[in-house]
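Residue numbers (full-length UniProt numbering): 1 to 209.
Put into structure tokens, the structure is as follows:
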């Protein structure tokens, strides 16, 4: 952030900087509130007025940032998928072997399930195509495309046995994703992170050479 000094020499935000920061704060508040309400009430049972009341902002503030409820949902989806995609990219860059990469992916998703269940609920459960018909399926989004790329590289390097890429990806991630659903549904009493080593051993054995 750029800093300027007042007459007494103390650092002080410019009016433009302060306004920009406040706008970002309001936008983030609206999205966070929408995420909570979409997770609790569902997208179709949540209105802009519900979001406005829960966030404690004016209707004008919401429409300053978003055209309508669909635009809020789209921005929220893009932000969450973008953050998850960045995490997958960082894992791919930091881990060298396919096994370490994909176990780290599972660990990240499990941790997110425990710390931010509403995020996983919105990404995995929301019927996005019903209110964002032009959006690509979640399985084709950046995070999952990066996971497929990890698997593809693993096959090329001989770390994953020669098999169909889709089958290999489903074998490696399907069990972990299923556990996440079970945790979100309240079927698993223990944190899903408790099962990481056990589920990963099963997943990796299904594709290892």
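Virtual Cβ for every residue (Gly too), placed ideally from N, Cα, C.
CB-CB length for residue i against residue j, believed under 8 Å
i	j	result
residue 51	residue 62	7 Å
residue 126	residue 43	6 Å
residue 88	residue 105	6 Å
residue 102	residue 172	6 Å
residue 122	residue 194	About 24 Å separates the two Cβ atoms, so there is no contact after all.
Span of the alpha helix (DSSP H), counted from its first residue to its last, around residue i
i	result
residue 132	Unbroken run through residue 132: none, as it is neither H nor E.
residue 78	69-94
residue 61	59-65
residue 121	117-125
residue 53	48-55
residue 205	196-205
residue 154	142-156
residue 169	165-184
Contact set for residue i: own chain, Cβ-Cβ below 8 Å, skip 5 residues either direction
i	result
residue 189	none
residue 155	161, 162, 163, 165, 168
residue 179	110, 188, 192, 195, 199
Neighbourhood of residue i by C-beta distance below 7 Å, restricted to the same chain and skipping five residues each side
i	result
residue 205	none
residue 166	none
Per-residue burial, residue i [other beta carbons within 10 Å of its own, 16 or more giving buried]
i	result
residue 100	exposed
residue 143	buried
residue 159	buried
residue 71	exposed
residue 30	buried
residue 183	buried
residue 59	exposed
residue 94	exposed
Proximal residues to residue i (C-beta, below 6 Å), its chain only, five neighbours per side dropped
i	result
residue 27	65
residue 33	51, 54, 55
residue 203	172, 175
residue 209	161
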